[in-house]
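Asks: Numbering (the UniProt record's numbering), first residue to last: 1 to 125.
The C-beta atom is built at its ideal place from N, Cα and C for all residues, glycine as well.
(1) Taking 8 Å as the threshold (C-beta atoms), are residue 122 and residue 89 in contact?
(2) For residue 23, which three-state DSSP category applies?
(3) Can you tell me which of the three DSSP states residue 71 falls into?
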């Protein structure tokens, strides 16, 4: 960083000294720009796009690229596909009936409440 006295000394030498000083600063700026570009290029290099060894890549995980080509279909199950679900067996080995005795939120008894619905589930071993 230039001090105020150094700038004033160049000013007192006249217009030619100022022009020379500005040209000198411009050349320094150009050199620094070239150095920055060079450093940015080397910073972007890793073992996949240069001759560098994989140990210089650091701990960042590589971004995996999918080999699948994109299609016009939406993700997930497609309309009209029948699917493959496991159906309930007609004769299970044993059955367990679970009837809740109290509310899990307010802990009140459910003995005198009417049944509003039920669900059937099946476990395959």
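Replies: Reading off the structure:
(1) Translated into positions along the chain shown, residue 89 becomes position 89. Translated into positions along the chain shown, residue 122 becomes position 122. Taking 8 Å as the Cβ cut-off, residue 89 and residue 122 qualify as a contacting pair.
(2) Taking the chain shown and counting its residues from 1, the one referred to as residue 23 is at position 23. In the structure shown, residue 23 sits in a helix (DSSP, three-state: H, G or I).
(3) For the purposes of this step, residue 71 is identified with residue 71 of the chain shown, where counting begins at 1. Correct three-state label for residue 71: coil.
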